[in-house]
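Protein chains in written order, with the working numbering: chain F, 56 to 423; chain Z, 2 to 692.
Just so it is clear, CB atoms sit at the ideal spot from N, CA and C, and this is done for glycine as well.
In this text the structure is predicted, and so the values were computed from the model without any measurement.
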Ligand SMILES: [Zn+2]
């Protein structure tokens with residue numbers, strides 16, 4: 056066979072191979088036409104056509120193909136016909152390459168775009184992220200308050216929640232028969248210790264520890280024997296502030312509380328001080344602030360008064376200073392206190408503060 | 002307290018409208034809760050501070066109004082009475098316990114006619130919320146609301162032996178009070194008795210037997226001053242709260258005893274007829290001393306920053322009935338009126354001047370800044386903890402600090418609290434407010450379990466909560482209990498993703514452990530160690546003890562035991578952890594130290610071995626470390642596998658071992674040889690097989 060092949064006219068061989076290619080290529084030729092049939096192919100079909108085309112290329116242009124064999128035999132062709140033969144082989148090869156490449160390129164483009172299509176996604180599906188938890192509103196407000204006071208030069212203090220009568224009452228100038236001391240109002244342990252009914256206890260500890268001058272606030276849990284209802288809880292959070300120094304007056308108290316309330320409720324907030332009574336301060340004052348909801352015109356939150364009552368304050372009673380080892384003739388100071396829970400209730404317009412301690416995630420989720 | 006505007010105007014001559022009064026009184030410390038129009042009058046609801054019993058009457062409020070308007074109180078006017086006979090001939094008064102009753106005055110009106118009150122009196126009382134009864138009772142009530150002095154009228158004919166004895170009750174004595182309740186008395190209670198038996202609870206309520214009735218003709222009017230503490234104690238003990246007790250327990254005006262009685266007698270004669278005795282029996286063995294206060298006018302400005310002219314100070318003091326004389330220019334001597342029991346010291350006088358001069362005139366300024374603020378040392382680290390847990394999907398819970406005693410032995414307490422005799426280590430409330438919640442919580446776990454139950458009951462299936470807070474136990478030393486800050490985590494259901502209805506997988510032990518580790522790493526606390534351990538509330542085989550790197554135990558972590566789960570009706574696995582945050586935060590913070598970056602590449606080799614299920618990863622890692630294979634940089638878990646194709650008592654563990662030298666790039670053959678050696682020793686030590 057090899058003998059007879061080699062005997063055959065190489066030109067005929069080339070033409071036969073070219074013919075064979077044309078025949079085999081026919082099905083790919085439609086991909087390059089004007090109405091490119093390639094558009095009709097699915098991605099799978101196109102990929103299989105691409106593979107078939109690659110096989111076609113191997114068959115006709117690969118190492119074992121007729122054309123490559125003919126190319127190798129150019130040297131053996133008689134000198135006078137060699138150049139013409141070489142041209143023939145080259146031009147046939149070029150035709151085949153060009154045809155294949157055209158089809159290939161069409162197929163590739165199609166495959167690429169089909170693949171892009173297939174791999175397109177719905178960008179509106181939710182991003183993948185773990186559910187985020189929520190801090191308790193009391194924590195959120197407490198942290199804000201602490202940051203404000205640290206910026207104003209105050210130290211944050213805390214101490215025990217279970218106290219002796221001395222710190223909970225005596226040192227705060229609460230007389231021995233004051234109703235607050237009754238087991239009606241204050242929780243007692245079987246050892247006769249009190250659950251602190253205000254964080255003012257911390258003021259005494261702090262003054263004893265730090266001496267005067269001192270600036271501190273004490274945020275923390277306090278306990279009073281109230282049956283839970285929409286406006287009461289037997290446990291709540293309070294902030295007590297204390298500033299003791301030489302020359303401290305009620306003007307400083309007003310300035311400090313007003314500054315705090317502006318930072319919490321907006322720069323337009325107006326603070327009002329009213330005379331009041333607390334055993335641990337003298338003179339004493341309660342403070343109200345202009346309603347942040349209605350701006351003072353009257354609404355549900357401020358019970359139509361335009362003012363919201365928030366807390367108590369005053370100049371530290373000399374007996375309290377003395378109990379903490381500070382000389383009231385040398386130093387004076389102011390103190391103030393209010394409920395964090397109450398502030399939370401106001402800020403978020405809670406209608407039932409028992410919600411604060413139910414830990415219902417549908418409630419907690421609402422705070423950021 | 003309800004105040005009639007018309008009545009107040011009669012007494013004070015005020016020209017202010019009710020709404021103006023509301024504003025002005027509020028700004029001197031008498032907050033007005035409301036103003037209500039009533040039949041041609043306005044009724045003001047005044048919130049009287051607890052130290053101002055003098056304001057629990059129309060005269061009292063009128064005094065404040067007079068100072069506000071620079072006016073004068075007009076004393077109530079009534080006609081002089083027809084008087085005849087001596088009270089001492091008709092009755093006698095003996096005070097046996099002068100400590101509880103320093104003053105008692107009795108006067109009689111004979112021949113009265115008991116009838117309903119005239120319309121003006123009934124209307125006046127009704128307006129301020131008082132129910133009219135009969136003319137005598139109503140007059141005493143009227144004078145109480147006018148003057149603040151509680152009075153009582155006895156039917157003189159019903160007083161045994163025509164005597165008044167003020168004494169402590171004897172144990173076993175009883176008294177049926179006007180409200181029809183028979184009250185057992187004890188020796189701490191002061192009573193008004195006749196010759197034989199108690200006829201009234203001193204300062205609180207009269208007795209039914211000596212009550213004024215339609216047959217009454219002679220009345221004995223009691224006006225007295227009772228010890229505030231005594232009245233308060235007795236009223237509390239008997240659960241009573243009356244118009245009289247409310248005033249006596251805060252402190253009445255002992256100098257108003259006769260004035261009020263006289264006013265009452267005058268009104269009785271005018272309205273109910275009758276003839277008064279010429280005298281009153283006034284037993285007042287040792288008159289109360291008056292208070293003298295040294296007052297430095299300069300203190301007003303020192304404490305309030307108000308600069309008040311001395312003339313203004315004096316007019317305020319005078320208006321308030323405070324007698325003042327200048328001892329020197331710098332020091333005045335002040336004597337407050339007997340009705341102002343709250344004024345005891347200089348600062349009180351400063352307040353009187355400031356509140357009438359006007360708190361609104363006080364400047365508003367920040368104190369000069371002279372020190373820098375600081376957070377609590379723990380706070381910034383705890384904030385990192387909170388934020389990390391938040392990112393990991395935990396909501397923050399806050400529970401009450403009290404729990405029920407049923408939890409006493411249900412939970413493993415933190416090691417610090419977990420003593421042999423834990424039952425006696427609890428802090429117990431003497432007077433809980435929520436039924437059964439008698440213990441100050443020694444653990445946060447019951448709280449978070451409750452919160453979890455609440456959420457599951459409301460249709461939530463996946464839930465992660467954390468709480469930080471104090472836990473309590475008795476301390477070995479010292480008077481105060483041991484209070485520690487604790488952290489508790491709880492997780493159940495799926496590890497949820499935002500905006501996706503279904504969690505990709507269920508939470509397990511390692512989720513909770515990982516969350517805890519992440520949170521502590523954020524505080525630069527760690528690494529923690531976890532060892533297999535038993536804990537009361539945790540399921541065996543899925544419970545761990547949490548230890549600091551130095552081996553100190555600080556808490557527990559694991560799957561909630563069935564027994565506890567069942568009690569809470571949980572139908573899905575719940576994982577819970579608790580640890581001692583105080584201990585954790587007390588531990589040294591890890592120093593951060595730079596380590597040079599590797600200069601040569603590392604080579605890693607994975608190996609999978611079959612080991613007994615009881616072998617822990619910690620043991621395998623420790624063995625690898627102990628081999629001290631050259632250039633071995635440690636091992637990390639790739640994964641574990643149990644189940645099909647693995648014997649039941651074994652587990653496949655895949656580890657990735659890292660080899661790296663600081664001097665050169667390791668050759669494959671060297672690594673291979675060392676790795677072989679490592680594998681051989683693992684296989685030998687754990688009778689393991691390669692998988
Ligand atoms: Zn409003």
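Local Cβ density within 10 Å of residue i, reported as buried at 16 or more and exposed below that
{"i": "residue 434 of chain F", "result": "There is no way to answer for residue 434 of chain F, as the model of chain F reaches only from 56 to 423."}
{"i": "residue 282 of chain F", "result": "exposed"}
{"i": "residue 351 of chain Z", "result": "buried"}
{"i": "residue 437 of chain Z", "result": "exposed"}
{"i": "residue 121 of chain Z", "result": "exposed"}
{"i": "residue 355 of chain Z", "result": "buried"}
{"i": "residue 258 of chain F", "result": "buried"}
{"i": "residue 573 of chain Z", "result": "exposed"}
{"i": "residue 57 of chain F", "result": "With a pLDDT of only 41 at residue 57 of chain F, under 50, the local geometry of the prediction cannot be trusted, and the value read off the model is given with reservation. It counts as exposed."}
{"i": "residue 413 of chain Z", "result": "buried"}
{"i": "residue 483 of chain Z", "result": "buried"}
{"i": "residue 110 of chain Z", "result": "buried"}
{"i": "residue 477 of chain F", "result": "One cannot answer for residue 477 of chain F here, as it falls past the ends of chain F, which runs 56 to 423."}
{"i": "residue 426 of chain Z", "result": "buried"}
{"i": "residue 153 of chain Z", "result": "buried"}
Range covered by the beta strand (DSSP E) that runs through residue i
{"i": "residue 659 of chain Z", "result": "651–660"}
{"i": "residue 332 of chain F", "result": "326–333"}
{"i": "residue 225 of chain F", "result": "Careful: residue 225 of chain F lies outside any beta strand (DSSP E) and carries neither H nor E."}
{"i": "residue 259 of chain F", "result": "Careful: residue 259 of chain F lies outside any beta strand (DSSP E), inside the alpha helix (DSSP H) at 255–265."}
{"i": "residue 474 of chain Z", "result": "464–474"}
{"i": "residue 270 of chain Z", "result": "Here residue 270 of chain Z belongs to no beta strand (DSSP E); instead the alpha helix (DSSP H) covers 258–273."}
{"i": "residue 303 of chain F", "result": "Premise fails: residue 303 of chain F is in no beta strand (DSSP E) and is neither H nor E."}
Unbroken alpha helix (DSSP H) run spanning residue i, endpoints
{"i": "residue 303 of chain Z", "result": "299–305"}
{"i": "residue 451 of chain Z", "result": "446–458"}
{"i": "residue 351 of chain Z", "result": "347–358"}
{"i": "residue 333 of chain Z", "result": "Residue 333 of chain Z -> not in any alpha helix (DSSP H); beta strand (DSSP E) instead, spanning 333–336."}
{"i": "residue 114 of chain Z", "result": "Run containing residue 114 of chain Z: none; DSSP gives neither H nor E here."}
{"i": "residue 337 of chain F", "result": "Counting along the chain, residue 337 of chain F falls outside any alpha helix (DSSP H), though it belongs to the beta strand (DSSP E) covering 336–345."}
{"i": "residue 391 of chain Z", "result": "380–392"}
{"i": "residue 177 of chain Z", "result": "Taken as a continuous stretch (DSSP letters only), residue 177 of chain Z belongs to no alpha helix (DSSP H), being part of the beta strand (DSSP E) at 175–177."}
{"i": "residue 137 of chain Z", "result": "136–148"}
Residue i CB to nearest heavy atom of ligand 2 below 7 Å
{"i": "residue 309 of chain F", "result": "Of the ligands one can find in the structure shown, namely ligand 1, none is ligand 2."}
Q. If you pair each beta-carbon of the stretch 127–147 of chain Z with each one of the stretch 289–296 of chain Z, do three or more pairs fall below 8 Å?
A. no
Q. Would you call the stretch 180–191 of chain F and the stretch 243–255 of chain F touching, i.e. three or more CB-CB distances under 8 Å?
A. no
**Q.** Minimum length 4: unbroken alpha helix (DSSP H) runs contained in the stretch 357–418 of chain F
**A.** 373–378 and 395–403
Q. What runs of the beta strand (DSSP E), each 3 residues or longer, lie entirely inside the stretch 140–223 of chain F?
A. none
Q) What runs of the beta strand (DSSP E), each 3 residues or longer, lie entirely inside the stretch 563–625 of chain Z? A) 575–581 and 604–613
Q) Counting Cβ pairs closer than 8 Å, one from the stretch 311–320 of chain Z and one from the stretch 261–281 of chain Z, do we hit at least three? A) The stretch 311–320 of chain Z makes no contact with the stretch 261–281 of chain Z; the number of CB pairs closer than 8 Å stays below 3.
Q: Could you say if the stretch 214–228 of chain Z and the stretch 28–38 of chain Z meet the contact criterion of at least three C-beta pairs nearer than 8 Å?
A: Three or more beta-carbon pairs separated by less than 8 Å are not found between the stretch 214–228 of chain Z and the stretch 28–38 of chain Z, which leaves the two stretches without contact.
(Q) Three or more C-beta pairs under 8 Å: does that hold for the stretch 369–383 of chain F against the stretch 403–423 of chain F? (A) no
Q. Does the stretch 318–325 of chain Z come close enough to the stretch 372–392 of chain Z that 3 or more CB-CB pairs lie under 8 Å?
A. no
Q. Do the stretch 63–73 of chain Z and the stretch 147–157 of chain Z touch if we need at least three Cβ pairs shorter than 8 Å?
A. no
Q | Validate contact between the stretch 153–162 of chain F and the stretch 360–368 of chain Z using beta carbons, cut 8 Å, 3 pairs | A | no
Q.
For a minimum of 4 consecutive residues, which ranges assigned as the alpha helix (DSSP H) are wholly contained in the stretch 71–131 of chain F?
A. If only uninterrupted alpha helix (DSSP H) runs of at least 4 residues are considered, those enclosed by the stretch 71–131 of chain F are 98–116 and 121–127.
Q: Please determine if the stretch 218–227 of chain F and the stretch 296–309 of chain F are in contact, where contact requires at least 3 C-beta pairs separated by less than 8 Å.
A: no
Q) Does the stretch 345–353 of chain F come close enough to the stretch 310–324 of chain F to have 3 or more Cβ pairs within less than 8 Å? A) Remark: three or more beta-carbon pairs, one from each stretch, lie closer than 8 Å, so the stretch 345–353 of chain F and the stretch 310–324 of chain F are flagged as touching.
Q: Could you say if the stretch 268–281 of chain F and the stretch 446–465 of chain Z meet the contact criterion of at least three C-beta pairs nearer than 8 Å?
A: no
Q) Is there contact between the stretch 78–93 of chain Z and the stretch 199–218 of chain Z, where contact requires at least three CB pairs shorter than 8 Å? A) No, the stretch 78–93 of chain Z does not touch the stretch 199–218 of chain Z.
Q | Three CB pairs or more closer than 8 Å across the stretch 502–517 of chain Z and the stretch 235–246 of chain F | A | These segments do not touch.
Q | Ordered list of beta strand (DSSP E) runs contained in the stretch 50–134 of chain Z, each at least 3 residues | A | 93–96 and 104–111
Q. Whole alpha helix (DSSP H) runs in the stretch 218–244 of chain Z with 4 or more residues, listed along the chain?
A. 229–239
Q. Counting Cβ pairs, one atom from each stretch, are 3 or more of them under 8 Å apart for the stretch 591–602 of chain Z and the stretch 671–683 of chain Z?
A. no
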